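Asks:
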Amino acid sequence: KKFKIAIVGATGAVGREMLRCVFQFNFPFESIKLLASARSAGKEIEFEGHKFVVEELTENSFEGVEVAFWSAGGSISEKYMKYAVEAGCVNIDNTSHFRMDPNVPLVVPEVNGEALVNHHGIISCPNCTTIMMCSALTRLNDEFDIERIVVSTYQAVSGAGVAGMEELYRQSQEVLDGKEPVAKTLPCAGDKKHFPIAFNCIPQVDKFDLSNGYSKEEMKMVNETKKIFNKDIEVNATCVRVPVLRGHSESIYIETKKTIDMDKVFELLGNSTGIDLCDDLANQVYPMPTSFIGDELTHVGRVRKDLYKDNALSLWITGDQLMKGAAYNSVDIGLKMIELGLLK
Ligand code: A2P
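In this note's numbering, the protein residues as written are 120 to 463.
1) Our contact map puts Ala275 next to Gly366 with C-beta atoms below 8 angstroms; I'd like the distance itself, whole angstroms only.
2) Which of the three DSSP states, helix, strand or coil, is assigned to Glu167?
3) From the DSSP output, which residues share a beta bridge with Gln290?
4) In the DSSP assignment, find the alpha helix (DSSP H) that holds Ser254 and state where it starts and stops.
5) State the DSSP-derived secondary structure class of Cys140, mapped to helix, strand or coil.
6) Bridge partners for Ile225 per DSSP, in chain order?
7) Quick check on this structure: which residue in Leu259, Lys303, Gly131, Phe348 has the alpha carbon closest to the alpha carbon of Pro224?
8) From the DSSP output, in three-state form, read off Asn448 for me.
9) Verify the contact flag: Gly393, CB atom, against every heavy atom of the ligand ATP, threshold strictly below 7 angstroms.
10) What are the boundary residues of the alpha helix (DSSP H) that includes Val361?
11) How many Å lie between Ser277 and Val363 at the Cα?
12) Can Ile321 and Pro300 be called in contact, C-beta distance under 8 angstroms?
13) Within 10 Å of its beta-carbon, does Ser194 have 16 or more other beta-carbons around it, so buried, or fewer, so exposed?
14) Write down the C-beta distance between Val184 and Ala125 rounded to the nearest angstrom, noting that I regard them as a contact closer than 8 angstroms.
15) According to DSSP, what are the bridge partners of Arg423?
16) For Val227, which residues from the same chain have a beta carbon less than 7 angstroms from its beta carbon, with the 5 sequence-adjacent residues on both sides left out?
17) What ranges does the alpha helix (DSSP H) occupy inside the segment 379-423, keeping only unbroken runs of at least 4 residues that lie completely in it?
18) Sorted by chain position, which residues of the same chain lie with C-beta nearer than 8 angstroms to Met219's C-beta, five sequence neighbours on each side aside?
19) Measure from the alpha carbon of Leu441 to the alpha carbon of each residue in Glu136, Lys121, Lys123, then state which is nearest.
20) Are there any heavy atoms of the ligand A2P lying less than 7 angstroms away from the beta-carbon of Leu176, as far as the coordinates show?
21) In terms of alpha-carbon separation, which member of Gly232, Glu233, His239, Pro221 lies closest to Gly207?
22) In this structure, how does DSSP classify Thr272 when only helix, strand and coil are distinguished?
23) How far does the beta strand (DSSP E) with Thr375 in it extend, from its first residue to its last?
24) Enumerate in chain order the residues of its own chain whose CB-to-CB distance from His216 is below 6 angstroms, with the five nearest sequence positions on each side excluded.
25) Once you ignore the five residues that flank His169 on each side, which residues in its own chain have a CB closer than 8 angstroms to its CB?
26) For a test of the three-state rule: what should DSSP assign to Ser330, helix, strand or coil?
27) Where do the ends of the beta strand (DSSP E) carrying Lys152 lie?
28) Residues in the same chain with beta-carbon distance under 8 angstroms from Cys397, minus the five sequence neighbours each way, listed in chain order, please.
29) Quick check on this structure: which residue in Gly309, Glu233, Glu266 has the alpha carbon closest to the alpha carbon of Lys455?
30) From this set, Phe411, Ala279, Thr257, which residue's C-alpha is nearest Ile352's C-alpha?
31) Do three or more CB pairs link the segment 285-295 to the segment 365-381 at distances below 8 angstroms?
32) Relative to the C-alpha of Glu415, which residue among Glu262, Gly444, Asp429, Val359 is closest?
33) Specify the secondary structure class of Thr177 as computed by DSSP and reduced to three states.
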């Protein structure tokens with residue numbers, strides 16, 4: 120069976136990758152509707168010999184659409200998703216809006232694909248850093264029972280959309296030209312102050328919750344990880360924006376209930392769906408964000424046992440957050456639903 124699909128936010132950084140993933144991973148489609156704001160209506164997008172004309176997203180966009188991939192921002196999902204559900208469309212949402220809703224499965228297919236059977240027309244795709252972390256840790260959790268995670272992220276500007284990438288390019292040129300870099304977007308478009316990202320690191324991704332000292336991005340990692348693993352793992356996260364164009368990295372420390380056997384760790388990581396183990400210190404092999412732009416895997420390296428505890432280890436991961444962290448995970452959810460007989 121082939122499906123009538125739509126991509127909401129098709130002109131955005133993630134939306135464009137969603138279109139690419141639909142083709143690259145053979146999501147069976149009969150037709151593709153590209154939706155964006157009125158600003159983009161009429162714009163032509165050519166891909167793999169197909170010509171698409173972008174349409175404006177409205178309440179009536181989902182008539183006859185069977186599957187929709189959403190990445191136009193939480194407020195757009197909040198406002199328009201109900202019309203798509205009413206029209207009988209199954210919606211895979213990359214925004215944060217529905218993620219913690221108990222009626223909405225929050226899915227990384229290789230971790231908790233079975234949660235999809237409980238969907239009611241909406242499935243959420245987790246936050247990019249959470250997807251990569253859960254994907255890397257799922258087999259270790261099965262084997263050693265993870266109790267606590269301490270994670271620091273090194274997040275690329277593309278996580279802040281097209282505007283974030285433009286800002287890094289422009290500011291880098293401004294610095295090279297001997298000018299003051301002008302900050303307009305980062306660390307967070309909606310916050311009071313903006314700081315240059317070029318030649319800098321910013322320990323703020325999204326707004327802060329002043330009551331507990333964590334940013335929203337950090338709390339997404341805390342809350343979403345618990346929901347995905349369906350257990351009460353303690354997560355302590357520090358999220359940092361770095362001047363990388365594309366590709367997030369994370370330094371992860373875990374503590375487990377069971378004693379860790381490193382041979383088993385390497386065996387599991389070397390044979391996990393979605394994981395590319397690149398760890399060969401003698402030959403300086405470890406993952407870096409620029410090495411893997413555009414692929415759909417989570418790359419894992421620097422895997423090492425804690426020096427003091429038998430039930431703790433550290434590892435380093437990188438991945439293209441527009442792909443594994445967003446577009447690919449969304450399309451992979453769709454493919455998993457087909458495999459489970461949930462899309463008909
Ligand atoms: P548009 O290009 O027409 O503004 P990014 O996060 O990479 O900037 O992408 C945001 C995506 O969400 C774009 O495709 C953008 O379309 C879309 N979008 C933003 N506002 C709206 C809106 N009011 N209705 C529909 N799509 C929207």
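By construction, the Cβ of each residue, glycine as well, lies at the ideal position given by its N, Cα and C atoms.
The model shown is predicted, which means the values in this text are computed figures rather than measured ones.
Replies: The answer reads as follows:
1) Right, their Cβ atoms sit about 5 angstroms apart.
2) Glu167 carries a coil assignment under DSSP once its states are collapsed to helix, strand and coil.
3) Note: Gln290 is not bridge-paired with any residue in the DSSP secondary-structure output.
4) For Ser254, the enclosing alpha helix (DSSP H) has its first and last residue at 247-263.
5) Note: Cys140 maps to helix in three-state DSSP.
6) First, the amino acid is wrong: residue 225 is Leu here, not Ile. DSSP output for Leu225 lists Ser243 as bridge partner(s).
7) When Leu259, Lys303, Gly131, Phe348 are compared, the shortest CA-CA separation from Pro224 is found for Phe348.
8) Under the three-state reduction of DSSP, Asn448 is assigned to helix.
9) Ligands in the displayed structure: the ligand A2P; the ligand ATP is not one of them.
10) Run containing Val361: none; DSSP gives neither H nor E here.
11) One alpha carbon belongs to Ser277, the other to Val363, and they sit about 8 angstroms apart.
12) No.
13) Burial call: exposed.
14) Distance from Val184 to Ala125 at the Cβ level is roughly 5 angstroms; contact confirmed, criterion being Cβ atoms closer than 8 angstroms.
15) Answer by DSSP bridge pairing, in chain order: Ser433.
16) Excluding positions up to five away in sequence, the list reads Pro245, Ile250, Cys253, Ser254, Ile347, Asn448.
17) 381-389, all fully within the segment 379-423.
18) Here the set comprises Leu225, Asn342, Glu343, Lys346.
19) Ranking the options by Cα distance to Leu441, first place goes to Glu136.
20) Yes.
21) Among Gly232, Glu233, His239, Pro221, the Cα nearest to that of Gly207 belongs to His239.
22) The answer is strand: DSSP assigns Thr272 an E or B state.
23) The continuous beta strand (DSSP E) containing Thr375 extends over residues 367-375.
24) When the five nearest sequence neighbours on each side are left out, the beta carbons in the same chain lying within less than 6 angstroms of the beta carbon of His216 are those of Gly193, Ser196, Glu197, in order along the chain.
25) Counting only residues of its own chain and dropping the five nearest sequence neighbours on each side, His169 has a CB closer than 8 angstroms to the CB of Ile151.
26) Correct three-state label for Ser330: coil.
27) Taken as a continuous stretch (DSSP letters only), the beta strand (DSSP E) holding Lys152 covers 148-155.
28) Within its own chain, the residues whose Cβ lies closer than 8 angstroms to the Cβ of Cys397, once the five positions on either side in sequence are excluded, are Val404, Tyr405, Pro406, His418, Val419, Gly420, listed in chain order.
29) The shortest C-alpha separation from Lys455 is found at Glu233.
30) Among Phe411, Ala279, Thr257, the Cα nearest to that of Ile352 belongs to Thr257.
31) Too few Cβ pairs lie closer than 8 angstroms, so no.
32) Nearest option by C-alpha distance: Gly444.
33) Thr177: coil per DSSP, three-state reduction.
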